[in-house]
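What follows is one structure encoded as structure tokens, with my remarks underneath.
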Amino acid sequence: MISEVLFLLIKHVCDAKLIQGIRLAPGGTLLLHLIFADDTLLFLKANEQNGNNITRIFHDFCHASGQQVSLEKSSVYFSPNAPEPIRSSLSGILHMPIAGRETLIKVVALAVAAYPMNIFLFPNSLCKEINSILANFW
Numbered sequence: 006m007i008s009e010v011l012f013l014l015i016k017h018v019c020d021a022k023l024i025q026g027i028r029l030a031p032g033g034t035l036l037l038h039l040i041f042a043d044d045t046l047l048f049l050k051a052n053e054q055n056g057n058n059i060t061r062i063f064h065d066f067c068h069a070s071g072q073q074v075s076l077e078k079s080s081v082y083f084s085p086n087a088p089e090p091i092r093s094s095l096s097g098i099l100h101m102p103i104a105g106r107e108t109l110i111k112v113v114a115l116a117v118a119a120y121p122m123n124i125f126l127f128p129n130s131l132c133k134e135i136n137s138i139l140a141n142f143w
């Protein structure tokens, strides 16, 4: 329920063109966020406007819901194409550390695997195989 409120806030500011998501390919679907239970992944164009506006969204969400964003568990990831000054600036605006690509892969791989596993009954052998693949990756 709480994540739906955050989703609606993000969608509202995106529709108002206050934040910009990313497209994985020219003309492709706009990717803005993924929400799994109480975890949220945001995919935004690396610029100060997006950084400032998403900070405001988090502030408004926390104020309205009484929830807090756990900055200790939060990180920001950048495309290799994002210039270093933008990376540093956004990391400061968001008050989040810049994390490595390996951590991003781990978070996304685990989240993508966990979502269907919560909806469908997977055989134990498949779950063990997925865990083995992820463990061997690291």
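Using our numbering, read the sequence shown as starting at 6 and increasing by one per residue. Ideal Cβ positions, reconstructed from N, Cα and C, are used throughout, including at glycine.
What are the boundary residues of the beta strand (DSSP E) that phenylalanine 41 is part of?
38-41
Using alpha carbons as the reference points, say which of Ala51, Asn129 and Glu9 lies closest to glutamate 89.
Ala51
Within 10 Å of its beta-carbon, does asparagine 58 have 16 or more other beta-carbons around it, so buried, or fewer, so exposed?
buried
Note down, in chain order, each residue of its chain lying with its Cβ closer than 7 Å to the Cβ of valine 18, except the 5 sequence neighbours on either side.
Ile24, Asn58 and Ile62
Can you tell which of Pro31, Leu11 and Ser137 has the C-alpha that lies nearest to the C-alpha of glutamine 72?
Leu11
Residues in its own chain within less than 6 Å of isoleucine 91 by CB, not counting five upstream and five downstream?
Ala51
Can you check DSSP and say which residues form a bridge with arginine 28?
Leu35
Out of Lys78, Gly56 and Ser84, which has the shortest C-alpha to C-alpha gap to serine 96?
Gly56
Taking just the CA atoms, how far does phenylalanine 125 sit from valine 74?
29 Å
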